[in-house]
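Chains as they are written, first to last, in full-length UniProt numbering: chain A, 1 to 118; chain B, 1 to 513. Below: the structure, in structure tokens.
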């Protein structure tokens with residue numbers, strides 16, 4: 001039991017990761033795929049933030065009387081990864097807009113049918 | 001004085017030039033700027049290769065922050081060699097692109113093409129030069145995002161769905177790499193590659209590190225289109241504009257192979273990956289299945305671009321095969337094939353692009369009789385095709401020769417035999433096109449439009465690559481020396497021990513923290 005409770009943040013990471021991954025694979029709607037991709041990436045951000053926590057450490061701001069700080073580096077890394085994630089989402093959604101214009105649908109099985117006619 | 005900044009310039013120059021291309025707004029000006037910047041990067045990359053062949057390693061502390069705290073740009077023979085190839089191909093493709101994209105991409109989007117191309121070059125150079133695992137992920141995503149844009153620029157609507165599929169697969173791959181890097185950081189507390197290598201060496205067997213390695217290898221395998229994870233590649237290369245296919249096929253997946261080599265040999269160490277985890281068997285099997293399955297699928301394609309894309313996946317199999325032999329000779333053959341394959345696939349895709357421009361189709365039927373109407377294009381295609389097959393006096397022969405020798409060195413008769421059978425399949429798929437071009441009569445098109453030879457601006461880069469295929473098949477001194485030095489360097493842990501003292505001081509700091 002303590003295995004679950006002590007590491008609850010990692011269990012959330014695992015759940016979100018698998019949920020996101022499942023949506024990416026199973027969703028037929030392209031916008032839903034992008035949402036799944038976002039959930040998948042967010043789980044990794046949470047994993048990084050969990051790594052940075054030091055037991056009993058305070059926020060990494062230098063102050064008198066504090067000796068133990070949490071590690072700020074994972075936060076910085078994940079700030080970069082969030083930017084990457086936002087850029088990916090933007091490119092993905094832009095593609096969805098153009099696919100909608102070209103095919104008139106964002107359902108994967110429908111535009112595959114339309115291509116088969118060519 | 002200025003030369004000390006050379007390691008970072010192939011990243012910084014295209015990065016600065018990319019938005020400038022956009023601001024220039026005129027297609028011609030943007031083309032000129034992009035080509036010049038890419039050409040300068042190529043010159044710098046070649047000079048860096050010469051320096052690294054001479055002195056070994058070049059280290060550059062970005063922003064003056066000393067590694068392992070700051071981001072280090074680190075060049076050795078292995079990445080300087082691939083950097084020269086990538087920047088060189090980029091320059092040739094840009095020269096080629098001017099006329100090629102004129103027919104394939106709407107006029108208003110030409111500057112966007114050059115911008116995205118330069119951003120992609122930035123990312124690829126960054127992946128190659130960086131000595132920091134997280135930085136590598138960031139550059140990987142810069143290049144990938146630019147790639148998705150490049151693929152989607154084609155006027156064919158199927159390019160959009162191909163780009164979207166590529167985006168989904170690519171992002172999953174990149175996120176897997178991010179997870180793996182996170183796990184390495186969790187255990188070691190560092191991101192600098194050599195520092196990581198030193199600290200991972202202290203662990204005999206560790207579950208976190210193993211999981212990290214698994215995530216990284218799967219992620220990189222998606223990016224390099226290793227056999228079961230390659231499904232994004234054929235549609236993307238088929239529907240992308242020809243210039244983009246030529247650039248991506250000869251650089252993007254090769255850089256991903258480099259990333260795999262870097263993670264396996266520099267960071268984890270061949271011993272950890274191959275002897276403790278037994279990855280060599282998995283890679284070996286996947287590589288051989290890739291060679292056979294994809295060569296076979298290539299033989300039945302009617303679209304020549306799709307055929308070349310499947311052939312690319314098969315050729316990646318040869319590179320991975322070289323790595324999975326776990327010998328210096330095997331790794332050297334793999335690196336050599338990265339170099340040679342860039343030359344042949346670049347030339348092949350350029351030739352197909354020229355055919356597409358003149359006939360409006362990349363279907364095998366469009367190739368009928370082109371031996372007469374487009375003799376120069378088809379001659380270049382033939383040379384590069386022979387190189388893919390591995391005919392003596394071409395570059396492809398050299399790398400296959402070293403691959404077979406490396407397999408025989410370890411008494412793997414079966415593998416050597418399978419490599420040769422793989423070449424036979426290449427004869428089939430290249431042969432079909434040569435047959436159509438030289439032995440069939442031209443199709444009688446409804447319009448009276450006669451098919452002309454491709455413009456000179458497209459023929460010149462195509463022929464530079466075709467001649468390079470022959471040159472590096474006869475005079476192998478540069479490519480083989482560099483690949484050999486790189487393989488030895490990657491395999492020799494003592495060469496990396498120079499960094500030991502610095503990483504020790506970092507460990508002390510880590511302990512104090």
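We treat Cβ as the ideally placed atom computed from N, Cα and C, and that holds for glycine.
- Comparing C-alpha distances from residue 18 (chain B) to each of B:3, B:38, B:71 and B:7 shows the shortest one belongs to B:38.
- Linking residue 192 (chain B) to residue 456 (chain B) through their CA atoms gives a straight-line distance of about 46 Å.
- In the three-state scheme derived from DSSP, where H, G and I count as helix and E and B as strand, residue 277 (chain B) is classed as coil.
- If you check the CB distance, residue 270 (chain B) and residue 226 (chain B) do not come in under 9 Å.
- Across the set B:102, B:196 and B:183, the C-alpha of B:102 shows the shortest separation from the C-alpha of residue 153 (chain B).
- Residue 74 (chain B): member of the beta strand (DSSP E) spanning 72-75, first to last residue.
- Taking residue 97 (chain B) as the centre and dropping the five residues before and after it, the same chain places the C-beta of 243 closer than 6 Å to its C-beta, in chain order.
- The alpha-carbon separation between residue 14 (chain A) and residue 5 (chain A) amounts to approximately 14 Å.
- When Cβ pairs closer than 8 Å are counted between the two stretches, the segment 233-250 of chain B is seen to touch the segment 347-364 of chain B, the count reaching three or more.
- B:120 is the residue among B:120, B:362, B:249 and B:214 whose C-alpha sits nearest the C-alpha of residue 12 (chain B).
- For residue 60 (chain B), the enclosing beta strand (DSSP E) begins and ends at 58-61.
- In this structure, B:256 is the residue among B:256, B:276 and B:290 with its C-alpha nearest to the C-alpha of residue 82 (chain B).
- Listed as beta-bridge partners of residue 363 (chain B) by DSSP are B:303.
- Here residue 10 (chain B) really is in contact with residue 129 (chain B); their C-beta atoms are around 7 Å apart, less than 8 Å.
- DSSP, reduced to helix, strand and coil, places residue 67 (chain A) outside both helices and strands of the structure shown, so it counts as coil.
- Where residue 236 (chain B) is concerned, the enclosing alpha helix (DSSP H) starts and stops at 233-239.
- Within its own chain, the residues whose Cβ lies closer than 8 Å to the Cβ of residue 82 (chain A), once the five positions on either side in sequence are excluded, are 45, listed in chain order.
- In this structure, DSSP gives residue 192 (chain B) an extended state, which the three-state scheme calls strand.
- Annotation for residue 463 (chain B): the continuous alpha helix (DSSP H) segment containing it runs 456-474.
- Taking a beta-carbon distance threshold of 9 Å, residue 18 (chain B) does not count as an interface residue toward chain A.
- Proximity of chain A to residue 186 (chain B) at the Cβ level (cut-off 8 Å) is accounted for by 51, in chain order.
- Within the DSSP secondary-structure output, residue 132 (chain B) pairs in a beta bridge with B:192.
- In terms of Cβ geometry, residue 71 (chain B) and residue 135 (chain B) form a close pair [threshold 9 Å].
- By the Cβ test, the segment 203-219 of chain B is in contact with the segment 170-189 of chain B, since at least three Cβ pairs between them sit closer than 8 Å.
- Here residue 311 (chain B) is buried. Its C-beta has 16 or more other C-beta atoms within 10 Å.
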